[in-house]
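Accompanying notes for the structure given below.
Residue numbers (the numbering used here): 14 to 285.
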């Protein structure tokens with residue numbers, strides 16, 4: 014890390030600690046300090062955004078570069094929108110752009126990707142079922158041909174002959190065990206075929222969620238960013254180190270909302 018970057022991080026950490034101390038003092042005086050609320054979680058959010066997330070971006074140049082590209086795109090778009098407008102129009106457009114417009118835009122893209130992922134999972138399951146049905150049909154035909162080509166020998170139909178094979182003892186190709194095996198193999202193949210897309214979408218979501226949280230002027234009052242950007246990052250334990258520090262301060266805030274993180278991200282070590 015360059016000296017200038019370290020100095021900037023130290024400044025942000027000092028500012029965050031000051032805000033944190035004030036917020037903790039307010040929370041301790043409040044009757045709501047033992048319940049999960051946006052008022053209480055604002056302290057954790059502010060600390061995470063101004064300290065942990067900045068540190069994380071400093072040590073992850075790829076994500077930082079993506080965030081810089083997003084900001085640059087927003088700036089260029091704003092310049093284009095405000096060009097060749099009258100002063101009243103510029104004032105009105107500026108107010109609209111500053112009123113959570115860009116973070117709304119990012120969170121909307123995140124929501125759309127989440128919907129696509131959910132739809133992809135449904136389509137993948139249905140596709141697996143269709144392939145399994147086709148495979149079962151072909152399997153039945155193949156087994157029928159095999160039995161016809163290699164019949165089981167018997168001693169004839171006369172008195173004292175051994176009875177032929179009982180159809181009830183044949184493999185039941187419609188059984189749950191065999192069908193589960195067929196579907197399982199198909200799903201493994203589909204997962205392998207779409208793994209690259211799934212990983213890419215997860216990476217996109219991570220970058221866009223971080224951008225949304227960093228750009229939003231007040232995440233605690235912005236439902237779209239809170240629900241689709243901040244909470245998923247929190248659930249993914251991106252700020253696990255910070256949440257542990259708050260365990261004795263805000264009670265239920267440290268309780269996990271989901272057992273399995275949706276995006277595997279290494280925990281960030283908070284600054285001293």
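Every residue gets a Cβ at the ideal spot worked out from N, C-alpha and C, and that includes glycine.
Your pair residue 208 and residue 141 does not check out as a contact, with CB atoms roughly 15 Å apart and the cut at 8 Å. For residue 116, the three-state secondary structure derived from DSSP is helix. The DSSP-derived three-state label of residue 68 is helix.
Around the Cβ of residue 193, a 10 Å sphere holds fewer than 16 other Cβ atoms; the residue is exposed. Residue ranges of uninterrupted alpha helix (DSSP H) with 4 or more members are absent from the segment 129-154; none lies entirely inside it. For residue 97, there is no enclosing alpha helix (DSSP H), since its DSSP letter is neither H nor E. Here the alpha carbons of residue 152 and residue 222 stand approximately 47 Å from one another. In the DSSP assignment, residue 245 falls within the alpha helix (DSSP H) that extends over 244-248. When secondary structure is reduced to three states using DSSP, residue 230 falls in the coil class, being assigned neither helix nor strand. The count of Cβ pairs closer than 8 Å, one atom from the segment 119-139 and one from the segment 230-242, reaches three, so the stretches are in contact.
Straight-line measurement puts the Cα of residue 103 at about 20 Å from the Cα of residue 116. In the displayed model, residue 158 falls within a helix according to three-state DSSP.
66 is the residue among 66, 26, 210 whose C-alpha sits nearest the C-alpha of residue 225. If you compare the alpha carbons of 127, 101, 85 with that of residue 211, the shortest gap goes to 127. Residue 121 sits in a helix when the DSSP states are folded into three classes. Rounded to the nearest whole angstrom, the CA to CA distance from residue 112 to residue 219 is 23 Å.
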